[in-house]
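What follows is a short report on a single structure.
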Ligand SMILES: Nc1nc2c(ncn2[C@@H]2O[C@H](COP(=O)(O)OP(=O)(O)O)[C@@H](O)[C@H]2O)c(=O)[nH]1
Ligand SMILES: [Mg+2]
């Protein structure tokens, strides 16, 4: 049977203004052979979840610089759960303090990448932790 | 319930998963497609093609908004290129359509070309069938827009819109061969830019230079500003006029026959290829052929005929 191609949604929820980091990670994912659904700036959790379901992605990567990660990331997980789609994994990156990570993980976030994590490491994490669905 | 049964009840998640199975070439997708096929054929399909950056996705967003105002459900299939080096892709068309993301009457799916060359992915027609079965009234397909031979859309869409931008006048001369033939409607987008009138005039002149037999559809040129939503009502009006023409002239019958032929022949070709590869695998034919070619005891032409003869019990030489 043919191999599945991994599909990842990369988005940027919240109000802050640039998506340089999100674009860099989107390119790294493409270069790793993934299909990246890039949804751009200023996404609400509702928009992200709806797109993730319509696109049948295996995981959602969210870049957050605004400091609103403690509300936005858990909200995405919660909405996925409500739609019966909590098999779609969520990870975050951007400016997220170490102290917040444990709380985010207990809210269902699979992983949090702090500033300075290389794109290689993120791709490697995906490779070992995210399987395309059966 | 099977995926196809769920799709027929309007289940969005099931539809998304079936689309993935289609795109990933799962054998189960064929079983499901057989179940929905009889329930399709209701959606009107609009193709949007034109070079990258012309504003296709922005236009799709505006068309979607317009059809939603009329109470129509809208499915969108947006195709972007797969990187030939890594097999990955960045699918970015949704960026322009985010306002529809949470509208239950809109379903947007991004697809990568995965090696297909005609401007669509191999899966596009079948993904559109799923949207049709899901109850979408209108399906808009946005092609990749990189090549000059993006002609597949003509067979897939009832109405094909070719999108251009001002200043392409010189290029039109160069690309006219393909592009003039595929459009039912021509759009000069970015009409806020200098030279829009001139590009529209030149395009219209070139379209008029063709001899269109009496009674045939004569494509017109429309100016739009997709970003601001200007000219969209006129464009939608023209698409609907073209639809009426298809039905009233009876051309719809020819269109459907040609579309079905393409769809069937594509499926047959893929299926024959898959079966031939599986057959060669089972019979360990490939190494034998390659050995034979290495010492020139066999030529690839005869080898291919032999595979077909053995597999189908049918001798290509006898025809
Ligand atoms: N000036 C101007 N820019 C536009 C217009 N429509 C779209 N754009 C911009 O053109 C760029 C490419 O648009 P997009 O819809 O992604 O084009 P596509 O690659 O053909 O799908 C974006 O920055 C749009 O905002 C327009 O009518 N006028
Ligand atoms: Mg586009």
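Chains as they are written, first to last, in UniProt numbering: chain A, 1 to 134; chain B, 1 to 319.
A virtual CB, placed ideally from N, CA and C, is assigned to each residue, including glycine.
Quick caveat: nothing in here was measured; it's all calculated off a predicted structure.
* To do: Determine, using beta carbons only, whether residue 50 of chain A comes closer than 8 Å to chain B.
  => Here the question's residue 50 of chain A lines up with position 50 in the first chain. Yes, contact with chain B.
* Figure out for me which residue from A/16, A/97, A/49 and A/18 has the closest Cα to the Cα of residue 82 of chain A. => Position 82 of the first chain, counted from the start, is the residue given in the question as residue 82 of chain A. Nearest C-alpha to residue 82 of chain A: A/49.
* Can you name the residues of chain A whose CB is closer than 7 Å to the CB of residue 20 of chain B? -> Taking the second chain and counting its residues from 1, one reaches residue 20 of chain B at position 20. Here the neighbours are 56.
* To do: Using a Cβ cut-off of 8 Å (strictly closer), state whether residue 82 of chain A contacts chain B.
  => Here the question's residue 82 of chain A lines up with position 82 in the first chain. For residue 82 of chain A, the closest Cβ of chain B is not nearer than 8 Å.
* Asked: What number of angstroms, rounded off, separates the C-alpha of residue 118 of chain B from the C-alpha of residue 125 of chain A?
  -> Residue mapping note: residue 118 of chain B aligns to position 118 of the second chain, counting from 1. Residue mapping note: residue 125 of chain A aligns to position 125 of the first chain, counting from 1. Rounded to whole angstroms, residue 118 of chain B to residue 125 of chain A spans 35 Å at the Cα level.
* DSSP state of residue 166 of chain B, grouped into three classes? -> As a working mapping, residue 166 of chain B is identified with position 166 in the second chain. If DSSP states are grouped into helix, strand and coil, residue 166 of chain B belongs with coil.
* Among B/106, B/302 and B/206, which has the Cα closest to the Cα of residue 61 of chain B? -> In the second chain, counting from the first residue as 1, residue 61 of chain B sits at position 61. Among B/106, B/302 and B/206, the Cα nearest to that of residue 61 of chain B is on B/106.
* Could you check the C-alpha separation between residue 28 of chain B and residue 7 of chain B for me, to the nearest Å? => Against the second chain, residue 28 of chain B aligns to sequence position 28. Against the second chain, residue 7 of chain B aligns to sequence position 7. Each residue's Cα considered, the two are about 15 Å apart.
* Asked: Can you find at least 3 beta carbon pairs, one from the stretch 248 to 266 of chain B and one from the stretch 288 to 295 of chain B, that sit closer than 8 Å?
  -> no
* Below 8 Å on the Cβ atoms is my guess for residue 96 of chain A versus residue 112 of chain A; work out the distance and round it to an integer in Å. => Your numbering for residue 96 of chain A matches position 96 in the first chain. Your numbering for residue 112 of chain A matches position 112 in the first chain. Their Cβ separation, rounded to whole angstroms, is 5 Å, which keeps residue 96 of chain A and residue 112 of chain A in contact under 8 Å.
* Taking only runs that begin and end inside the stretch 65 to 91 of chain A, name each unbroken alpha helix (DSSP H) of 4 or more residues, in chain order. => Within the stretch 65 to 91 of chain A, the complete alpha helix (DSSP H) runs of at least 4 residues are 69 to 82.
* Identify every run of the alpha helix (DSSP H) within the stretch 203 to 287 of chain B, keeping only runs that are complete inside it and at least 4 residues long; order them along the chain. => 232 to 249 and 251 to 282
* Residues in the stretch 109 to 132 of chain A with C-beta within 9 Å of chain B's C-beta atoms, listed in sequence order? -> 132
* Between which two residues does the beta strand (DSSP E) containing residue 34 of chain A stretch? -> In the first chain, residue 34 of chain A corresponds to position 34, counting from 1. No beta strand (DSSP E) contains residue 34 of chain A, which DSSP labels as neither H nor E.
* To do: Compute the minimum distance between the beta carbon of residue 56 of chain B and the heavy atoms of ligand 2, and state whether it is under 7 Å.
  => Residue numbering aside, residue 56 of chain B sits at position 56 when the second chain is read from its first letter. Checking every heavy atom of ligand 2 against the Cβ of residue 56 of chain B, one is found closer than 7 Å.
* **At least three beta-carbon pairs within less than 8 Å, the stretch 187 to 194 of chain B to the stretch 158 to 166 of chain B** => yes
* Helix, strand or coil for residue 55 of chain A, going by three-state DSSP, please let me know. => Residue mapping note: residue 55 of chain A aligns to position 55 of the first chain, counting from 1. Coil.
* Asked: Sorry if obvious, but does the Cβ on residue 102 of chain A come closer than 7 Å to a heavy atom of ligand 1?
  -> Residue numbering aside, residue 102 of chain A sits at position 102 when the first chain is read from its first letter. No, the Cβ of residue 102 of chain A stays beyond 7 Å of every heavy atom of ligand 1.
* Taking Cβ positions, are residue 135 of chain B and residue 73 of chain B nearer each other than 8 Å? -> Against the second chain, residue 135 of chain B aligns to sequence position 135. Against the second chain, residue 73 of chain B aligns to sequence position 73. Result yes, Cβ atoms of residue 135 of chain B and residue 73 of chain B sit closer than 8 Å.
* Asked: Comparing the C-beta of residue 31 of chain A with each C-beta of chain B, is any distance below 8 Å?
  -> Stepping through the first chain from its first residue, residue 31 of chain A is reached at position 31. Yes, residue 31 of chain A counts as interfacial toward chain B.
* May I ask which residues mark the beginning and end of the alpha helix (DSSP H) holding residue 124 of chain B? => By 1-based counting over the second chain, the position of residue 124 of chain B is 124. That run of the alpha helix (DSSP H) goes 124 to 133.
* **First and last residue of the uninterrupted beta strand (DSSP E) at residue 44 of chain B** => The residue labelled residue 44 of chain B in the question sits at position 44 within the second chain. Segment 44 to 49, the beta strand (DSSP E) holding residue 44 of chain B.
* To do: Note down, in chain order, every chain A residue with its Cβ under 8 Å from the Cβ of residue 86 of chain B.
  => Residue mapping note: residue 86 of chain B aligns to position 86 of the second chain, counting from 1. Under the 8 Å cutoff, chain A gives 30, 31, 32 and 33.
* To do: Ignore the nearest five residues each way along the sequence and tell me which others in residue 155 of chain B's own chain have a CB closer than 7 Å to its CB.
  => As a position in the second chain, residue 155 of chain B is number 155, starting the count at 1. Result list for residue 155 of chain B: 258, 259 and 262, in chain order.
* If you draw a straight line from the C-alpha of residue 57 of chain A to the C-alpha of residue 298 of chain B, how long is it? -> Sequence index remark: in the first chain, residue 57 of chain A carries index 57 (1-based). Sequence index remark: in the second chain, residue 298 of chain B carries index 298 (1-based). Taking the straight line joining both Cα atoms gives about 47 Å.
* In chain A, which residues lie less than 8 Å from residue 12 of chain B when you measure between Cβ atoms? -> The residue labelled residue 12 of chain B in the question sits at position 12 within the second chain. Correct list: 53 and 54.
* **Separation of residue 104 of chain A from residue 17 of chain B, as counted between CA atoms** => Stepping through the second chain from its first residue, residue 17 of chain B is reached at position 17. Stepping through the first chain from its first residue, residue 104 of chain A is reached at position 104. Taking the straight line joining both Cα atoms gives about 28 Å.
* Name the residue from B/2, B/229, B/205 and B/211 whose alpha carbon lies nearest to the alpha carbon of residue 220 of chain B. => Start at 1 with the first residue of the second chain, and residue 220 of chain B comes out as number 220. Comparing Cα positions, the closest option is B/205.
* **Members of the UniProt domain "AAA+ ATPase" (42 to 186) of chain B that neighbour chain A once the beta carbon cut-off is set at 7 Å** => Those residues of the UniProt domain "AAA+ ATPase" (42 to 186) of chain B that come within reach of chain A (Cβ to Cβ, closer than 7 Å) are 83, 86, 87, 88, 89, 90, 91, 92, 94, 95, 98, 101, 102, 107, 108, 109, 110 and 112.
* Asked: Does the beta-carbon distance from residue 210 of chain B to residue 251 of chain B come in below 8 Å?
  -> Here the question's residue 210 of chain B lines up with position 210 in the second chain. Here the question's residue 251 of chain B lines up with position 251 in the second chain. Against a cut-off of 8 Å, the Cβ pair of residue 251 of chain B and residue 210 of chain B comes out as no contact.
* Go through its chain and collect everything with a Cβ distance to residue 67 of chain B's Cβ below 8 Å, but skip five positions before and after it. => Walking along the second chain from the start, residue 67 of chain B turns up at place 67. So the list reads 74, 137, 138 and 236, once near-sequence residues are dropped.
* Asked: Using 8 Å as the limit for Cβ to Cβ distance, is residue 4 of chain A near chain B?
  -> As a first step, residue 4 of chain A must be located in the first chain, where it is residue number 4. Yes, contact with chain B.
* Nearest CA to the CA of residue 22 of chain B: which residue from B/94, B/112 and B/11? -> Within the second chain, residue 22 of chain B is the residue found at index 22, counting from 1. It is B/112.
* Regarding residue 93 of chain B and ligand 2, is the C-beta to nearest heavy atom distance less than 7 Å? -> As a position in the second chain, residue 93 of chain B is number 93, starting the count at 1. Yes, since a heavy atom of ligand 2 falls inside the 7 Å radius drawn around the Cβ of residue 93 of chain B.
* Asked: What residue does the beta strand (DSSP E) around residue 109 of chain B start on, and which one ends it?
  -> Locating residue 109 of chain B in the second chain gives position 109, where the first residue counts as 1. Note, residue 109 of chain B: beta strand (DSSP E), 106 to 112.
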